[in-house]
Amino acid sequence: MKDSPTTEHNDAGPSHGGVGTDLAAPEGAALDNRFANPGLPAHRYRTTDIDPAAAKRAERQVSTIFLLSAVGTLVFLVGYFALPIDDDKSLGRLQLSTMVLGLGLGFAIFLIGIGLVHWAKTLMPDHEQIELRHDIRGTDEERRDASNIILDGVEESGIMRRTVIRNSLIGAMAILPIPAVVLFRDLGPLPGTVLRESLWEEGVRLTRDPDGTPIRAADVTFGSVFHVIPDGLSESSHPIEEKAKAAVLLIRIQPEDVQPLEGDLAVRNDWDYDGIYAYSKICTHVGCPVALYEQQTHHLLCPCHQSTFDLTQHCKVIFGPAKRPLPQLPITVDGEGYLVASGPFPEPPGPSYWERGASA
Ligand code: FES
């Protein structure tokens, strides 16, 4: 390898002890004059440096590892298409599919890393080098030398010459992004209106989460909080997705503590039932469950980024990154005294960014 003026190989053993060997330099002497430079130990050549057969063997090992990496990618792809989770949604299928995908992709990435390390340790140059400190921007000559070092490095790495290794690496890397393509495919179609709709509609009973028992208005005492799901959620074909939109908090406060709304929103002033208010539990920032209720201040807090919603102002945001109030669910009671929705949410629950470009 061609040396730059600021770079020295150590093939000839210790040879850098010349800078400042005076350990007994008087106090105040320049720091680099107080310590002996120990230099570097003699360079030890690897078997692959001196034995062409060993180098050839290492070359075969590296390319074999890269090819095995490609096998891992193929296992991922076979697992993805042979074990679809659309048809069989059982937990066992999900676990098997996840394991095969994870092992395949992990194996592929791991072996590319192992192949690169083995290549570097056995075949790439391993000269010890010293680069003396200097101004951050080198002279034009030094910059030219640096480019030459890189070009020499490329040359010495053998990537241009060792075509088997290069091509097997290119092959392994070329198919490695394919799993990303199929994973992006799993993100599914754009949501359309699905996020604007939930199981709440007129007459649907409010039930306790998770046991699904209905709630009487008389059960909701002042200061208590109920975590609520719509009746019939468990019979839904997508209960988890529906719950993510329909989860509600039920809280009772003194009606006179709540500031009345005005103008177009005044219609919402009777969306409570005798001081019992139902609000979406899904934070309008990025969708964490709003789970903390401060009884004294009537504040609801989201634990993720501390958005705070004021119940006395119809869950208006008074702190944090959320940009709009929690949607209110209008409620009343049915003939048996159970709390029911008197209509759907007036706007989509959850993060505001879903609403970009759509009218609320
Ligand atoms: S998700 Fe609630 S504050 Fe961020």
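Per my numbering, residue 13 is the first one in the sequence shown, and the count goes up by one each step. C-beta: ideal position from N, C-alpha, C; glycine also.
Considering only the alpha carbon of each residue, which of Leu79, Phe119, Glu253 lies closest to arginine 208?
One-based indexing of the sequence shown puts residue 208 at position 196. Closest by alpha carbon: Glu253.
CA-to-CA distance, arginine 149 to proline 363, given in whole angstroms:
Sequence index remark: in the sequence shown, residue 363 carries index 351 (1-based). Sequence index remark: in the sequence shown, residue 149 carries index 137 (1-based). Spanning the two alpha carbons is a distance of roughly 48 Å.
For glycine 125, three-class secondary structure by DSSP:
The sequence position of residue 125 within the sequence shown is 113, counting from 1. Helix at glycine 125.
Could you work out which residue in Val352, Ile182, Pro301, Tyr365 is closest to threonine 225 when comparing CA atoms only?
Stepping through the sequence shown from its first residue, residue 225 is reached at position 213. The option with the nearest alpha carbon to threonine 225 is Val352.
Using alpha carbons as the reference points, say which of Val194, Asp269, Tyr285, Leu103 lies closest to leucine 86.
Residue 86 sits at position 74 when you count from the first residue of the sequence shown. Of Val194, Asp269, Tyr285, Leu103, the residue nearest in Cα terms is Val194.
C-beta atoms of glutamine 325 and glutamine 271 nearer than 7 Å
Residue numbering aside, residue 325 sits at position 313 when the sequence shown is read from its first letter. Residue numbering aside, residue 271 sits at position 259 when the sequence shown is read from its first letter. Cβ distance < 7 Å, so glutamine 325 and glutamine 271 count as in contact.
If you follow the alpha helix (DSSP H) that isoleucine 252 is part of, which residue opens it and which one closes it?
Walking along the sequence shown from the start, residue 252 turns up at place 240. Counting along the chain, the alpha helix (DSSP H) containing isoleucine 252 begins and ends at 251 to 258.
Helix, strand or coil for serine 109 per DSSP?
Here residue 109 corresponds to residue number 97 of the sequence shown, with the count starting at 1. Three-state result, serine 109: helix.
Is it true that the segment 98 to 107 meets the segment 68 to 79, where meeting means three or more beta-carbon pairs spaced less than 8 Å apart?
no
Under a three-way DSSP split, which group does arginine 280 fall into?
On the sequence shown, position 268 is the one that residue 280 refers to. In the structure shown, arginine 280 sits in a helix (DSSP, three-state: H, G or I).
Relative to the C-alpha of glutamine 266, which residue among Thr134, Asp284, Pro189 is closest?
The sequence position of residue 266 within the sequence shown is 254, counting from 1. Comparing Cα positions, the closest option is Asp284.
Would you kindly check if the distance between the Cβ of leucine 313 and the Cβ of leucine 304 is under 7 Å?
For the purposes of this step, residue 304 is identified with residue 292 of the sequence shown, where counting begins at 1. For the purposes of this step, residue 313 is identified with residue 301 of the sequence shown, where counting begins at 1. Contact flag set, yes.
Thinking C-beta only, is leucine 262 closer than 7 Å to phenylalanine 238?
Numbered from 1 along the sequence shown, position 226 holds the residue referred to as residue 238. Numbered from 1 along the sequence shown, position 250 holds the residue referred to as residue 262. Cβ distance < 7 Å, so phenylalanine 238 and leucine 262 count as in contact.
Taking the continuous alpha helix (DSSP H) assigned at aspartate 346, which residues delimit it?
Position 334 of the sequence shown, counted from the first residue, corresponds to residue 346. Premise fails: aspartate 346 is in no alpha helix (DSSP H) and is neither H nor E.
Take threonine 344 and list the residues in its own chain whose beta-carbon comes closer than 7 Å to its own, dropping the five residues that flank it on each side.
For the purposes of this step, residue 344 is taken as the residue at position 332 of the sequence shown. Excluding sequence neighbours, threonine 344 sits near Tyr285, Val352, Ser354.
Taking 6 Å as the cut-off, is the beta-carbon of histidine 317 closer than that to any non-hydrogen atom of ligand 1?
On the sequence shown, position 305 is the one that residue 317 refers to. Histidine 317: yes, Cβ under 6 Å from ligand 1.
Could you tell me whether any non-hydrogen atom of ligand 1 is closer than 6 Å to the CB of histidine 311?
What you label residue 311 is simply residue 299 of the sequence shown in a count that begins at 1. No - ligand 1 has no heavy atom lying nearer than 6 Å to the Cβ of histidine 311.
Name the DSSP beta bridge partners of isoleucine 77, please?
Residue numbering aside, residue 77 sits at position 65 when the sequence shown is read from its first letter. Isoleucine 77 pairs with nothing; no bridge assigned.
Quick one: does the C-beta of valine 298 sit closer than 6 Å to a heavy atom of ligand 1?
Translated into the one-based positions of the sequence shown, residue 298 becomes position 286. Within the cutoff, so yes.
Distance CB(leucine 89)-CB(isoleucine 97) smaller than 7 Å
Reading the sequence shown from its first residue, position 77 is the one you call residue 89. Reading the sequence shown from its first residue, position 85 is the one you call residue 97. No, Cβ-Cβ distance for leucine 89 and isoleucine 97 is not below 7 Å.
If you draw a straight line from the C-alpha of valine 298 to the C-alpha of leucine 188, how long is it?
Here residue 298 refers to the residue found at position 286 of the sequence shown. Here residue 188 refers to the residue found at position 176 of the sequence shown. Using only the alpha carbons, I get a separation of about 32 Å.
Write down the C-beta distance between leucine 218 and alanine 120 rounded to the nearest angstrom, noting that I regard them as a contact closer than 8 Å.
Stepping through the sequence shown from its first residue, residue 218 is reached at position 206. Stepping through the sequence shown from its first residue, residue 120 is reached at position 108. Not a contact, Cβ separation roughly 49 Å.
Under 6 Å from any heavy atom of ligand 1, does the C-beta of cysteine 327 make it?
In the sequence shown, residue 327 corresponds to position 315, counting from 1. No, the beta carbon of cysteine 327 sits no closer than 6 Å to any heavy atom of ligand 1.
Kindly examine ligand 1 and report whether one of its heavy atoms sits closer than 6 Å to the Cβ of glycine 332.
Position 320 of the sequence shown, counted from the start, is the residue given in the question as residue 332. Flag set: Cβ of glycine 332 near ligand 1.
I'd like to know if the segment 178 to 188 and the segment 115 to 135 are in contact, where contact means that at least 3 CB-CB pairs between them fall below 8 Å.
yes
Residues of its chain near alanine 256, where Cβ-Cβ distance is below 6 Å and the 5 sequence neighbours each way are ignored:
Residue mapping note: residue 256 aligns to position 244 of the sequence shown, counting from 1. Hits under 6 Å: none found.
Would you mind reading off the limits of the alpha helix (DSSP H) that contains proline 220?
What you label residue 220 is simply residue 208 of the sequence shown in a count that begins at 1. At residue 220 the sequence reads arginine, which differs from the proline that was named. No alpha helix (DSSP H) contains arginine 220, which is instead part of the beta strand (DSSP E) from 218 to 220.
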